[in-house]
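Enquirer: Protein chains in written order, with this note's numbering: chain A, 102 to 445; chain B, 102 to 445; chain C, 102 to 445; chain D, 102 to 445.
Glycine is no exception: its CB is placed at the ideal position from the N, C-alpha and C atoms.
Structure incoming, see below.
Number of protein chains: 4
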Amino acid sequence: MIQAAIVGATGYTGVELLRLLVAHPQVEVVAVSSDTQAGQSVSAVHPHLRPSVDLDYITHEALYEQACSVVFFATPNGTAMHHVPALLERGSKVIDLAADFRLRDAAVWEQYYGMPRACPEWLEQAVYGLPELNRDAIREAQLVANPGCYPTATILGLLPLLEAGAVDVERLIVDAKSGISGAGRSASTPLLMSEAAENFRAYGVHQHRHAPEISQVLAQIAGQGVSLTFTPHVAPMIRGILATMYAWITISAEEAQELYQQHYENEAFVDLMPAGSLPETKSTRGSNFCRISIHVGADSKVPAVILSTIDNLVKGAAGQAVQNMNLMFGLSETEALSQAALPA
Amino acid sequence: MIQAAIVGATGYTGVELLRLLVAHPQVEVVAVSSDTQAGQSVSAVHPHLRPSVDLDYITHEALYEQACSVVFFATPNGTAMHHVPALLERGSKVIDLAADFRLRDAAVWEQYYGMPRACPEWLEQAVYGLPELNRDAIREAQLVANPGCYPTATILGLLPLLEAGAVDVERLIVDAKSGISGAGRSASTPLLMSEAAENFRAYGVHQHRHAPEISQVLAQIAGQGVSLTFTPHVAPMIRGILATMYAWITISAEEAQELYQQHYENEAFVDLMPAGSLPETKSTRGSNFCRISIHVGADSKVPAVILSTIDNLVKGAAGQAVQNMNLMFGLSETEALSQAALPA
Amino acid sequence: MIQAAIVGATGYTGVELLRLLVAHPQVEVVAVSSDTQAGQSVSAVHPHLRPSVDLDYITHEALYEQACSVVFFATPNGTAMHHVPALLERGSKVIDLAADFRLRDAAVWEQYYGMPRACPEWLEQAVYGLPELNRDAIREAQLVANPGCYPTATILGLLPLLEAGAVDVERLIVDAKSGISGAGRSASTPLLMSEAAENFRAYGVHQHRHAPEISQVLAQIAGQGVSLTFTPHVAPMIRGILATMYAWITISAEEAQELYQQHYENEAFVDLMPAGSLPETKSTRGSNFCRISIHVGADSKVPAVILSTIDNLVKGAAGQAVQNMNLMFGLSETEALSQAALPA
Amino acid sequence: MIQAAIVGATGYTGVELLRLLVAHPQVEVVAVSSDTQAGQSVSAVHPHLRPSVDLDYITHEALYEQACSVVFFATPNGTAMHHVPALLERGSKVIDLAADFRLRDAAVWEQYYGMPRACPEWLEQAVYGLPELNRDAIREAQLVANPGCYPTATILGLLPLLEAGAVDVERLIVDAKSGISGAGRSASTPLLMSEAAENFRAYGVHQHRHAPEISQVLAQIAGQGVSLTFTPHVAPMIRGILATMYAWITISAEEAQELYQQHYENEAFVDLMPAGSLPETKSTRGSNFCRISIHVGADSKVPAVILSTIDNLVKGAAGQAVQNMNLMFGLSETEALSQAALPA
């Protein structure tokens, strides 16, 4: 039995992780922490977990004292890096759902996250937890940096093209749309329903934190630098990401479909849609699936359009973290993750 | 292994049932039918079930030919009653998620459903499938009439008071609010998102079909006629029912809380909330739970307010059908139904 | 030209008032205040008012110094009462959109609003600003207490029955549903879209602040005490209130329809729907209309159901304030208020 | 007084037009038609227009008999072209809100709309009704082709760059998002709230009908052919379009801001946002404004991002039609169109 603990289990990511872990037959959740809710029962704060979860929140500090096989961080950026070294040295595995170990370049980290890099010595050993890219390394990892939600949808959508060298990496465009749960559970005016419902808006144009993360991974796959334009938007819904990607490619529609089909045919959680069909966010809601389609125009001058959709809280966060944990502990990769989406 | 078939597996109820059954370890879904989609694969019509479900829709008639342990009807009202006798005679068990076997009185049926009563001889043997009320009878039943969504929320909310004789049955008021999936998946203008979003409306005032169903069951519990006012509303959301009930009661707040607590303490799917807390529909989304609270005012002249919430497609339809199936086949009642809600 | 000022013009009520006043041909908005946004331009904070509004926010204190014909308070409860006396003494008229002057009984005020009553000497002179009830007094008033949103919908829905003495006032039930803008624009977790969308919940059961306000006015109309149960709910939408009211009445369906028809036939903003039709919240969105229907059951033992719908920010707040201002300044009551709703 | 008639006044566009025209001081609506609702009163079908509108629907044929100054077509594509010649010959002006007179090339029309071109002789005389582009021609026109909603947002967003020759026209990308009212009011399953809420999806990839319309106009502005990729999406909201455009430009951020500022400074309905600010769809809801921002990245290899937002039913349809009518009849262009948006 894996003893698991979640640091920061009141936000949407942490609570979703808790939902998945309590249904996992080989996991026992031994501790959940929240500095604001310490002392409260989980079921008082999150009644939808009644009666499955019979745990009280403890403080982060108390959690760090607890022995366990794996510690998940579902904390704000900049928290995990201060506590991970001690946990790793004690022998726990760590999966960080925040950004602390995603960016290789400390200077880029400091530019985008506005804080100095802690424990740079552990950066090298952190594995970027996208199983479809780094499965073997994840199996051996003690520390996994769980990818961001936009990067997950984007990288899975472009991976076959980049590996095949079949795309112009100098002019990649990613126009991404997310449900508002991606912005977290902190009270802030723009996240109010009266502001966000019946509204659609772009944000972080030319400056979103996920852009360097995506670029870093795409460049690594391509074996060369890439030029990426990434524009995130908030759609008036709770869950779901759709990334619409524009890429000038060098292969035909049939070749592209075949390339993707072959690339993903053994992946449990990546579902290449039949040619001509269009994935919708609701088809992944609550599930760990990523659904992808590729659309190559008749005119060779126009870019191919690749659509990739995930549930930002599952494949984009908590589900992927469980998938990583399954790999790290030698379990079946799909354990506790095979439920279908809940669409209507 | 239970061989299950679903007649009408394209609407919200049928698809939800399919979602639950494919995850049930003791069930094999052997056939799904749809007269409009026959010949299509389920995954083409409902991509969220990719790749879990590898079935093609067949016609209803083809399905009736197929041998199976249990047949679920998720069809429009008035369909099941024409086919159930043959299936029962062949030895299949039947669970009807429509209204065909809910009302005992054929005249009331004809008044509210506008069509003549078929197979009245089977009415007597149909068990009203509310496990919290009729568990033993369901275990022995060959034919179960799965309750309506509003009746499920309402009856569970009033059951302890009625059994205890602690309520004035002459002036019961149920003000119920439902997500729009309760209206089904047929294309109709009032169900369009442009009509229904950012809108709230009542319908069926003094004449909804669920009123006689609720009255029938409440009267049976009370052992006397009841006078019920039932007003349904459509809320701008997909899933969920909240029934707000007004009842003049003869016991104190503490007694009422204790009464409900005791009544439901062994029920897996009825969750009495702590005194003073308020159940929200999202706390049940995608789950088979019914959450209830009772609020007794300081002034004895005012009625108690009872709140009861369910997911209309799960405890109000497909989940309850699986719960009934579990009972009918001697399985654990909670099998394949214990997942927590998916709230955010 | 009426010189108008708005104290607290950043919340939903204040901004809506600003939207209405800038389109009013006889009003010049001379000052808007916000203690948090002072120094900012209105159009930076509320871009939907670009380019109509060319004003900067000033502090409340600066606004109080400004000479003007009418001051609107769209502030939190407990603010206006400290500043109104000075403004009145200076000769300005005042319309308070908060609760400070609504409740006659200072003890009830203190119980429900948790703060001591200031300037009780002005309470007597404050007129409750429901034009359909107090038109003549409003015309003469210097200080108007603009009604709450729930009270507006409820009182208009019950007024004809109470005046006619055709209802049992001992068991009135109001089950009200509101869009979330009624909860204001302060950042708080339960108002986040991720919490409130796809969710329906009751709140303030047996203890909402609008209950004593409604009871006070109903009792005044009835000439006797009333027993009221008021249950508010939050629906997952931004604007709109639907109040579903249950009342045991002593007249027939035809008499009731006729009573309401006659009562409201000269009211510009109260629209009695034809018998059998059901008002929807979207039919009033952005408009100052209140739409009402009354449904009397065939069974005399069951209560009549009265439905009343308004836009909580317009007829329930800012629009009614403008209607009151029109009366107070001898203008046409409908000036700047006759636009139709914006439904789809 | 302008006598106006609307052919097809039951869909969202026609009803919105009716809402605007009944508030127009120089217009009298003399007839509205609907082949499905003929004989019904407008207020029975659209209660939000009670009591402003006192008209009954007549048939299209009856409407064509009626003398009037201007006839608006808010009908399905392919309707107007069969009736316009007779109306024009009789001396009425015509504004077609459908696509019949938008495309110059009959072959492209037939390819995208799947029906033969009627009255090709009138195509030459139809003026494309985008006032910011064709104001003078509209003033003289007898027949105006009101632009599509996506084309309006897109063309206004790219117009200054194209006129200035400051953009690479060989790789224009438009990623557009629309509320679901753009799909009209016909009952169809994908438009149901249960399907469309909490969902986000692309459609018409590489083949949407608005792509040739946009290309035609952009090419005309640029004086050369353009290569355009246009991807529309449906966002889970009723109204609003946000077009996110990617364009490789040859000028700096400051030059671009200045270019747009100058281009639009005298336009009443195009609002260039201050540098760095991001327009949201809700800031235009119910209004005739188009809000635009341009974002030029630090890296000259990446494209500029232009954001353009409108209310698809107002500036994207009915409001623009009124703006065109104002021009055609020599009225102030902003008459009856200056109301601010209704955001919360």
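#1: Contact between the stretch 298-306 of chain D and the stretch 373-382 of chain D is defined here as three or more beta-carbon pairs at a separation below 8 Å; is this criterion met?
#2: When you compare only the Cα positions, how much space is there between residue 222 of chain A and residue 179 of chain A?
#3: Output needed for residue 426 of chain C: all residues of its chain with C-beta closer than 7 Å, excluding positions within five of it in sequence on either side, in chain order.
#4: Cβ of residue 257 of chain B less than 8 Å from any chain A Cβ?
#5: If you measure between the beta carbons of residue 246 of chain D and residue 227 of chain D, is that distance less than 8 Å?
#6: Which chain C residues sit within Cβ distance under 7 Å of residue 113 of chain D?
#7: Output the boundary residues of the beta strand (DSSP E) element that contains residue 79 of chain C.
#8: Return the residues of the stretch 343-373 of chain B that lie within a Cβ-Cβ distance of less than 7 Å from chain A, sorted by chain order.
#9: Please go through the stretch 330-416 of chain A and give each complete beta strand (DSSP E) segment of 3 or more residues, from N-terminal end onward.
#10: Below 6 Å CB to CB, which residues in the same chain sit around residue 351 of chain D once its five sequence neighbours on both sides are set aside?
#11: Expressed to the nearest angstrom, what Euclidean distance is found between the alpha-carbon atoms of residue 314 of chain A and residue 255 of chain A?
#12: Let's see if you can read the secondary structure: which residues bound the alpha helix (DSSP H) around residue 129 of chain B?
#13: Find the residues of chain D that neighbour residue 233 of chain C, judging by a C-beta separation of less than 8 Å, and give them in chain order.
#14: Is the beta carbon of residue 154 of chain C sitting closer than 8 Å to the one on residue 111 of chain C?
#15: Residue 311 of chain A: buried (16+ other C-beta within 10 angstroms of its C-beta) or exposed?
#16: Quick check: the stretch 360-372 of chain C against the stretch 277-289 of chain C, are at least 3 beta-carbon pairs closer than 8 Å?
#17: Could you please give the first and the last residue of the uninterrupted alpha helix (DSSP H) stretch that includes residue 424 of chain C?
#18: Pick out whichever of D:442, D:369, D:434 and D:440 has its Cα sitting closest to the Cα of residue 240 of chain D.
#19: Please report the distance separating the alpha-carbon of residue 243 of chain A from that of residue 235 of chain A.
#20: Can you give the Cα-Cα distance for residue 389 of chain B and residue 283 of chain D, rounded to whole angstroms?
#21: So residue 103 of chain C is in the beta strand (DSSP E); what residue range does that whole segment cover?
#22: Distance cutoff 8 Å, beta carbons only. Does residue 139 of chain D sit that close to anything in chain B?
#23: Put residue 153 of chain C into one of helix, strand or coil per three-state DSSP.
#24: If you draw a straight line from the C-alpha of residue 298 of chain C to the C-alpha of residue 338 of chain C, how long is it?
#25: Using the rule of at least 16 other Cβ atoms within 10 Å of the residue's Cβ for burial, across every protein chain shown, is residue 308 of chain A buried or exposed?
#26: With a threshold of 16 other CB atoms inside 10 Å of the CB of residue 456 of chain A, please say whether the residue is buried or exposed.
#27: Is the CB of residue 392 of chain B under 8 Å away from at least one CB in chain D?
#28: Taking 8 Å as the cut-off, decide whether the C-beta atoms of residue 342 of chain C and residue 263 of chain C are in contact.
#29: Could you name the residues of the stretch 304-329 of chain A whose beta carbon sits closer than 7 Å to any beta carbon of chain D, in the order they occur along the chain?
#30: At least one CB of chain A closer than 8 Å to the CB of residue 288 of chain C: is that the case?
#31: Who are the Cβ neighbours of residue 158 of chain C in its own chain at under 8 Å, not counting the five residues just before and after it?
#32: Given a cut-off of 8 Å on the beta-carbon distance, is the pair residue 204 of chain D and residue 325 of chain D in contact?
#33: Quickly, what does DSSP pair residue 173 of chain B with across the bridge? List them, please.
#34: Listed in chain order, which residues of the stretch 118-139 of chain D have Cβ atoms closer than 8 Å to some Cβ of chain C?
#35: Is residue 227 of chain C near the ligand PLP, in the sense that its beta carbon is under 7 Å from a heavy atom of that ligand?
#36: At least one CB of chain C closer than 8 Å to the CB of residue 237 of chain B: is that the case?
Expert: With the structure as the only source:
#1: no
#2: Stepping through the first sequence from its first residue, residue 222 of chain A is reached at position 121. Stepping through the first sequence from its first residue, residue 179 of chain A is reached at position 78. Rounded to whole angstroms, residue 222 of chain A to residue 179 of chain A spans 15 Å at the Cα level.
#3: Within the third sequence, residue 426 of chain C is the residue found at index 325, counting from 1. Within the same chain, residue 426 of chain C has close Cβ partners 171 and 196.
#4: Taking the first residue of the second sequence as 1, we reach residue 257 of chain B at position 156. Interface flag for residue 257 of chain B against chain A is unset, since no Cβ pair is found closer than 8 Å.
#5: Numbered from 1 along the fourth sequence, position 145 holds the residue referred to as residue 246 of chain D. Numbered from 1 along the fourth sequence, position 126 holds the residue referred to as residue 227 of chain D. Yes; because the gap between Cβ atoms is below 8 Å, this pair is in contact.
#6: Position 12 of the fourth sequence, counted from the start, is the residue given in the question as residue 113 of chain D. By Cβ distance, chain C contributes 445.
#7: With chain C covering only 102 through 445, there is no way to say anything about residue 79 of chain C.
#8: 372
#9: If we require 3 residues or more, the beta strand (DSSP E) runs fully inside the stretch 330-416 of chain A come out as 342-348, 371-373, 391-396 and 405-411.
#10: Taking the first residue of the fourth sequence as 1, we reach residue 351 of chain D at position 250. Cβ neighbours of residue 351 of chain D beyond the five flanking positions: 267.
#11: In the first sequence, residue 314 of chain A corresponds to position 213, counting from 1. In the first sequence, residue 255 of chain A corresponds to position 154, counting from 1. Taking the straight line from one Cα to the other gives about 11 Å.
#12: Counted from its first residue, the second sequence places residue 129 of chain B at position 28. Segment 128-134 is the beta strand (DSSP E) holding residue 129 of chain B; no alpha helix (DSSP H) there.
#13: For the purposes of this step, residue 233 of chain C is taken as the residue at position 132 of the third sequence. Under the 8 Å cutoff, chain D gives no residues; its nearest Cβ is about 16 Å from residue 233 of chain C.
#14: Working through the third sequence from its first residue, we reach residue 154 of chain C at position 53. Working through the third sequence from its first residue, we reach residue 111 of chain C at position 10. For residue 154 of chain C and residue 111 of chain C, no; Cβs fall outside 8 Å.
#15: Counting from one through the first sequence, the residue named residue 311 of chain A turns up at place 210. Buried is the call here.
#16: no
#17: Within the third sequence, the letter at position 323 stands for residue 424 of chain C. Start and end: 420-429.
#18: Taking the fourth sequence and counting its residues from 1, one reaches residue 240 of chain D at position 139. Answer by Cα proximity: D:434.
#19: Position 142 of the first sequence holds residue 243 of chain A. Position 134 of the first sequence holds residue 235 of chain A. Using only the alpha carbons, I get a separation of about 14 Å.
#20: Position 288 of the second sequence, counted from the start, is the residue given in the question as residue 389 of chain B. Position 182 of the fourth sequence, counted from the start, is the residue given in the question as residue 283 of chain D. Approximately 37 Å, taken between the alpha carbons.
#21: Residue mapping note: residue 103 of chain C aligns to position 2 of the third sequence, counting from 1. Residue 103 of chain C -> beta strand (DSSP E) spans 103-108.
#22: Locating residue 139 of chain D in the fourth sequence gives position 38, where the first residue counts as 1. By this cut-off, residue 139 of chain D is not an interface position.
#23: In the third sequence, residue 153 of chain C corresponds to position 52, counting from 1. Reduced to three states, the DSSP call for residue 153 of chain C is coil.
#24: Translated into positions along the third sequence, residue 298 of chain C becomes position 197. Translated into positions along the third sequence, residue 338 of chain C becomes position 237. Note on geometry: alpha-carbon atoms of residue 298 of chain C and residue 338 of chain C lie some 7 Å from one another.
#25: Along the first sequence, one-based indexing puts residue 308 of chain A at 207. So residue 308 of chain A ends up on the exposed side.
#26: Because residue 456 of chain A is not part of the residues shown, which for chain A are 102 to 445, the question remains open.
#27: As a first step, residue 392 of chain B is located in the second sequence; it is residue number 291 there, counting from the start. Not closer than 8 Å to any Cβ of chain D, the Cβ of residue 392 of chain B fails to qualify, so no.
#28: For the purposes of this step, residue 342 of chain C is taken as the residue at position 241 of the third sequence. For the purposes of this step, residue 263 of chain C is taken as the residue at position 162 of the third sequence. In this structure, residue 263 of chain C does not lie closer than 8 Å to residue 342 of chain C by Cβ.
#29: 304, 306, 307 and 328
#30: Walking along the third sequence from the start, residue 288 of chain C turns up at place 187. With its beta carbon less than 8 Å from one in chain A, residue 288 of chain C belongs to the interface.
#31: The residue you call residue 158 of chain C lines up with position 57 of the third sequence. Closer than 8 Å at Cβ, skipping near neighbours: 110, 111, 133, 134, 135, 138, 139, 140, 141, 142, 143 and 146.
#32: As a first step, residue 204 of chain D is located in the fourth sequence; it is residue number 103 there, counting from the start. As a first step, residue 325 of chain D is located in the fourth sequence; it is residue number 224 there, counting from the start. Residue 325 of chain D sits away from residue 204 of chain D, with the two beta carbons spaced by 8 Å or more.
#33: Indexing the second sequence from 1 puts residue 173 of chain B at position 72. In the DSSP output, where bridge partners are listed per residue, residue 173 of chain B has B:107 and B:196.
#34: Under the 8 Å Cβ criterion, the stretch 118-139 of chain D contributes 120, 123 and 124.
#35: As far as ligands go, the structure on display features none, and thus does not contain the ligand PLP.
#36: Taking the second sequence and counting its residues from 1, one reaches residue 237 of chain B at position 136. So, not an interface residue.
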